[in-house]
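Undergrad: Pasting in a structure now, in structure tokens, and then I'll have a few things to ask.
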Amino acid sequence: MRARRCQRRSAHERRGSSPRLQDRVVVLIGGGSGIGFEVARRVIALGGSVVLGGRTPSRLEAASARLGEGARWQTVDTSDSASVEAFFASIPVVDGIFTTAAEYVVGPMRDLDPTDAASPFESKFWGQYRVVRAALDRLSSDASIVLMSGAASVRPPAAAPAYVAANAAIEGLARGLAVELAPIRVNAVSPGTIDGNLWANRDEAVRAASFAQFSADTVLGRPGREGEVADAVIHLLTNGYTTGSTLYVDGGYSLR
Ligand SMILES: NC(=O)c1ccc[n+]([C@@H]2O[C@H](COP(=O)([O-])OP(=O)(O)OC[C@H]3O[C@@H](n4cnc5c(N)ncnc54)[C@H](OP(=O)(O)O)[C@@H]3O)[C@@H](O)[C@H]2O)c1
């Protein structure tokens, strides 16, 4: 397995092209739904395999069945270091990581108690930090890590300072890890509002108002689609000369 990897790597380096996903293992924690699931579909279509992680066995089992051969799953809770370490214990080599797992409260400083205010950092920032740390000894030398951020990092949508700061910290983490882990590549993807599973589970009136506001605020005049973010993640997983970058998939939201 190792020898084949080396041959493949030197082949793409000789061609001067980027690494492929054929026969590569991509870990998608949160991949049982939404954007992570769309990434899983693309990885498998490109000849790779995925390990889906999440907290709900029935969701992971159903997602894995939809994906077919090339997908397997295991429960994990990114808020718990022991759970994240146990998750990686059964995965000998990791070629890619993308973690959409997160659960947090967003709101103004005045209204949130300290636990809720800290939740974007605790869940989204430290959750992804735990995942990368637990995977360190299993990463192949040309692995690619994509961190999940959000365009609120550069353009606060409303009074939500801790959420804004947590996303900015994730983009900083990508830059810091890109230096520490090179030649492993580390980047962040930073979506605007995406019309998908996350919002489908929210109140209809809130969703409609948020989509209308986002459409008015962004250059392309509409929310994004999960597949559009997934395409950007595949780009970051496979481009051999991009590291420490943040790719904004936000319809131009951050420009205005
Ligand atoms: N959709 C948007 O508009 C948008 C925009 C910008 C950024 N984002 C970012 O995208 C991420 C959400 O992805 P999504 O939009 O695809 O939503 P999603 O479909 O709700 O995906 C989240 C997934 O993470 C899993 N999960 C949640 N907490 C977990 C935990 N502690 N441990 C393990 N798994 C956990 C969930 O499954 P279980 O509940 O079964 O564990 C679920 O499958 C968040 O980081 C969010 O900030 C989304």
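If you read the sequence shown in the numbering used here, its first letter stands for residue 79, the second for the next number, and so on.
We put the beta carbon where it would ideally sit given N, CA and C, even for glycine.
#1: In angstroms, rounded to a whole number, what distance separates the CA positions of Glu304 and Val171?
#2: Can Glu306 be considered in contact with ligand 1, in the sense that its beta carbon sits closer than 8 Å to one or more heavy atoms?
#3: Count the other C-beta atoms from every protein chain shown that fall within 10 angstroms of the C-beta of Pro97, then say buried if there are 16 or more, exposed otherwise.
#4: Can you tell me where the beta strand (DSSP E) with Gln152 in it begins and where it stops?
#5: Where does Asn245 land, buried or exposed, given buried means 16+ other C-beta within 10 angstroms?
#6: For Tyr326, tell me which candidate among Val257, Gly228, Ile272 has the shortest Cα-Cα distance.
#7: Can at least three beta-carbon pairs, one atom from the stretch 240–256 and one from the stretch 270–284, be found at a separation below 8 Å?
#8: Between the C-alpha atoms of Asp215 and Ala286, what's the straight-line distance to the nearest angstrom?
#9: Would you report the Cα separation of Arg211 and Asp189, rounded to the nearest angstrom?
#10: Could you tell me the distance, in whole angstroms, from the CA atom of Asp281 to the CA atom of Val257?
#11: For Val327, list the residues DSSP reports as bridge partners.
#12: Kindly examine ligand 3 and report whether one of its heavy atoms sits closer than 8 Å to the Cβ of Glu181.
#13: Indicate the three-state DSSP secondary structure (helix, strand or coil) for Gly322 in the structure shown.
#14: Assign Ile248 to one of three DSSP states: helix, strand, or coil.
#15: Starting from Asp173 and walking both ways along the alpha helix (DSSP H), at which residues does that stretch end?
#16: What residue from Ala221, Ile312, Asp194, Leu225 has the CA that sits closest to Arg208's CA?
#17: Among Gly108, Ala237, Ala310, Ile107, which has the Cα closest to the Cα of Pro186?
#18: For Gln152, is the classification buried or exposed, using 16 other Cβ atoms within 10 angstroms of its Cβ as the cut-off for buried?
TA: This is what the structure holds:
#1: If I take the Cα positions, the gap works out to 27 Å.
#2: The answer is no for Glu306.
#3: So Pro97 counts as buried.
#4: For Gln152, the enclosing beta strand (DSSP E) begins and ends at 149–153.
#5: Buried.
#6: Comparing Cα-Cα distances from Tyr326 to each of Val257, Gly228, Ile272, the minimum goes to Gly228.
#7: Fewer than three Cβ pairs drawn from the stretch 240–256 and the stretch 270–284 lie within less than 8 Å of each other, which leaves the two stretches out of contact.
#8: When rounded, the distance between both Cα atoms is 44 Å.
#9: Rounded to the nearest angstrom, the gap between the Cα atoms of Arg211 and Asp189 is 33 Å.
#10: If I take the Cα positions, the gap works out to 41 Å.
#11: In the DSSP output, where bridge partners are listed per residue, Val327 has Pro269.
#12: Ligands displayed in this structure: ligand 1; ligand 3 is not among them.
#13: In the structure shown, Gly322 sits in coil (DSSP, three-state: anything other than H, G, I, E or B).
#14: In the three-state reduction of the DSSP assignment, Ile248 falls in the helix class.
#15: Segment 172–177 is the beta strand (DSSP E) holding Asp173; no alpha helix (DSSP H) there.
#16: The residue with the shortest Cα to Cα distance from Arg208 is Leu225.
#17: Each of Gly108, Ala237, Ala310, Ile107 was checked against the Cα of Pro186, and the nearest Cα belongs to Ala237.
#18: It is buried - the Cβ of Gln152 has at least 16 other Cβ atoms within 10 Å.
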